[in-house]
Structures are given as C-alpha cells and as structure tokens.
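Participant:
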Amino acid sequence: MSRYTPGRTRFTGKLLIAANLVPLYGVLVHDWAVFPLILLYWLENLILGALHLVRIGLMPAPEGVSRWGMVAGKAFMMPFFAIHYGGFCMVHGVFVFAMFNDGRDPFGHGFFPNIDALQAAIREYHLAVPLLALALSHVVSLIRHVVLAGERQAFTGGPALMMGGIYFRIVVLHIAILFGSFAVMALGSPLFALVLLIALKTAFDLNAHQREHEKAAALLEGRRDPESGSA
Numbered sequence: 000m001s002r003y004t005p006g007r008t009r010f011t012g013k014l015l016i017a018a019n020l021v022p023l024y025g026v027l028v029h030d031w032a033v034f035p036l037i038l039l040y041w042l043e044n045l046i047l048g049a050l051h052l053v054r055i056g057l058m059p060a061p062e063g064v065s066r067w068g069m070v071a072g073k074a075f076m077m078p079f080f081a082i083h084y085g086g087f088c089m090v091h092g093v094f095v096f097a098m099f100n101d102g103r104d105p106f107g108h109g110f111f112p113n114i115d116a117l118q119a120a121i122r123e124y125h126l127a128v129p130l131l132a133l134a135l136s137h138v139v140s141l142i143r144h145v146v147l148a149g150e151r152q153a154f155t156g157g158p159a160l161m162m163g164g165i166y167f168r169i170v171v172l173h174i175a176i177l178f179g180s181f182a183v184m185a186l187g188s189p190l191f192a193l194v195l196l197i198a199l200k201t202a203f204d205l206n207a208h209q210r211e212h213e214k215a216a217a218l219l220e221g222r223r224d225p226e227s228g229s230a
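Going by numbering that gives the first Met the number 0, the first residue of the sequence shown is number 0, and it counts up by one from there.
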C-alpha cells in the first residue's frame, strides 16, 4: 500500500460530501426545522454502529493471538458491542426526542423505540432518501478502504480497542450538533442557520474521514518499514 495522499480518499470524500448535502433538499423543499435533521443524524448513528460490527468482524488476529482465540474474542465482543452501543443510541435517542420532538414520542414506553412511530416520522419528513444516501456513502467507504485497500490489516489492537473507536467520533460530533441545534432553535430555525448546521456536520465528517484513513495508512506503512522495528 502506498503512503497516504489526499487522493486516496478523494472519491469517498466527495461521496461523503454529496451524501451530507442531500438533507439540504429537506430543508429547502420540505421546510425542515431542527427535529428532522437531528432525527436523521441519530438514525445515521445506527448505520455506523452496524458497519462498525462489520469492521470488528473483519479484524485480523493481533500478534500472538491464535485464529481460534480471535474467533472467541469476536464472538464475545460483537454481541457485547451491539448491546452496549444500542443502549448508548437509545439513551441518546431519548434525549433527542425529549429536547427536539414536535409532539411525537417514539420512546414513550421506555428506552426501546416504537418502530411504527419511527417509520411514520421517516415517511412524514421524507428521510428515506437522505438516510439511504448517508448509508451508501459509509458502505462504499468501508468496501473501498477497509476491504479492498486492506486497511483492516491496521486494526491490530484487538476487538475491545476497536470497539471503542466509534464512540469518540460520535460523542464529539453530536455534542457539537446538539449545541448547534439549540442555537438554531433559539434563532427560530432560520434557513441560514439550518444550512450552516449541515455545513458544519459535513466538514466534521470529512475531516474525521480523512484522519481515519490517514492513520490507517500510517500504521500499515510503519509496519512495513524495516527501520521501525515492526514486522
């Protein structure tokens, strides 16, 4: 694998930008306020969690760990991550609906969402297309970089370390989104503020995307460097 250059992520970066700009259609045509946008980003978290499970499943065994030891580790960590991350998203969802909902409450019966209410919100706010666009962007990126470009070989810290990687990105991003959303609501959800919120989220996603693949490329390059002391 060659050293990291911006060109390595040019295609998937452009796809990520395009997917993040699709919600502009909802703002401009369907008169979205803050809630549909926050709901869309919360649903995107569920997609990211599912794809992170795939990443854990694709991890090679760290040095000194047998194949069957790795299988056993994944057999434990993958369900654990699904439960742990699912709980994290449910708590986040409760907060989102409590603070931004427009009268509907899919979490009214506890931490588990009412699927019918979520589906109704997706239909009402026309979220299917932007959600599909975001999902497609993340899936293509995973296939292009992790599977085809071999970046999964950089995941050598074990499933437990790999599991924690997704939380930092999501927590930082959504803290920024939530503070931005409060500001948008305080201003009365004007068009320029909603567009700015989308632009900021897009910029954060693109930066995180480039940094993630730059780090993976650097790890792989260092491992092949005979002067690094790595295998």
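Here a beta-carbon is modelled for each residue, glycine too, at the ideal position from N, C-alpha and C.
Quick check on the DSSP output: the alpha helix (DSSP H) that includes V232 runs from which residue to which?
Facilitator: For the chain, the structure presents residues 0 to 230; residue 232 sits outside this window and is missing.
Participant: Between N113 and chain B, is the shortest Cβ-Cβ distance under 8 Å, so that the two count as touching?
Facilitator: Judged by its chain identifiers, the structure shown contains no chain B, having just a single protein chain.
Participant: Helix, strand or coil for V194? Go by DSSP, reduced to three states.
Facilitator: Here V194 sits in helix by DSSP.
Participant: Quick check on the DSSP output: the alpha helix (DSSP H) that includes E43 runs from which residue to which?
Facilitator: From DSSP, the alpha helix (DSSP H) with E43 extends over V33 to L57.
Participant: So what does DSSP say about P22, is it helix, strand or coil?
Facilitator: Helix at P22.
Participant: Assuming R66 is part of the alpha helix (DSSP H), what are its boundary residues?
Facilitator: Element bounds for R66: R66 to F99.
Participant: For L205, name the three-state secondary structure that DSSP assigns.
Facilitator: DSSP places L205 in helix when its eight states are reduced to three.
Participant: Beta-carbon separation of H51 and I165 under 8 Å?
Facilitator: It is a contact, given that the beta carbons lie within the stated cut-off.
Participant: Compare the C-alpha of R168 against each of D204, A148 and F191 and name the closest.
Facilitator: The candidate whose alpha carbon is nearest that of R168 is D204.
Participant: So, is P225 buried or exposed, given that buried needs 16 or more other C-beta atoms within 10 angstroms?
Facilitator: Per-residue confidence for P225 stands at a pLDDT of 38, beneath the threshold of 50, marking its modelled position as unreliable; the derived number appears in the next sentence. By the 10 Å Cβ count, P225 comes out exposed.
Participant: Thinking just about the alpha-carbon of each residue, which of A49, L15, P35 and I16 is nearest to the one in R122?
Facilitator: Comparing Cα-Cα distances from R122 to each of A49, L15, P35 and I16, the minimum goes to P35.
Participant: Express the C-alpha separation of V95 and I37 in angstroms, rounding to a whole number.
Facilitator: Near 7 Å, if we compare the C-alpha coordinates of V95 and I37.
Participant: At which residues does the alpha helix (DSSP H) containing Q118 begin and terminate?
Facilitator: Note, Q118: alpha helix (DSSP H), I114 to E123.
Participant: At the level of alpha carbons, what is the spacing between A132 and N19?
Facilitator: C-alpha separation (whole angstroms): 8 Å.
Participant: Quick check on G149: does DSSP put it in helix, strand or coil?
Facilitator: Coil.
Participant: Please state if the CB of I55 and the CB of A134 are separated by a distance shorter than 8 Å.
Facilitator: No, Cβ-Cβ distance for A134 and I55 is not below 8 Å.
Participant: Give the DSSP-derived three-state secondary structure of G187 in the structure shown.
Facilitator: The answer is coil: DSSP assigns G187 none of H, G, I, E or B.
Participant: Report the three-state DSSP secondary structure of A60 (helix, strand or coil).
Facilitator: Coil, per DSSP.
Participant: Return the chain-ordered list of same chain residues with a C-beta closer than 6 Å to the C-beta of L42, the five sequence neighbours on each side being excluded.
Facilitator: Hits under 6 Å: L130.
Participant: Rounded to whole angstroms, what is the Cα-Cα separation between L39 and M98?
Facilitator: The straight-line gap from Cα to Cα measures roughly 15 Å.
Participant: Which one of V128, Q118 and L186 has the shortest CA to CA distance from G25?
Facilitator: If we check each option's Cα against that of G25, V128 comes out closest.
Participant: Mapping DSSP to helix, strand and coil, what is R2?
Facilitator: Bear in mind that the predicted position of R2 carries a pLDDT of just 47, short of 50, making it unreliable; the figure below should be weighed with that in mind. The answer is coil: DSSP assigns R2 none of H, G, I, E or B.
Participant: With H, G and I counted as helix, E and B as strand and the rest as coil, what does DSSP make of H173?
Facilitator: DSSP places H173 in helix when its eight states are reduced to three.
Participant: How about A175 and V183: do their beta carbons lie closer than 8 Å?
Facilitator: The answer is no: Cβ separation not under 8 Å.
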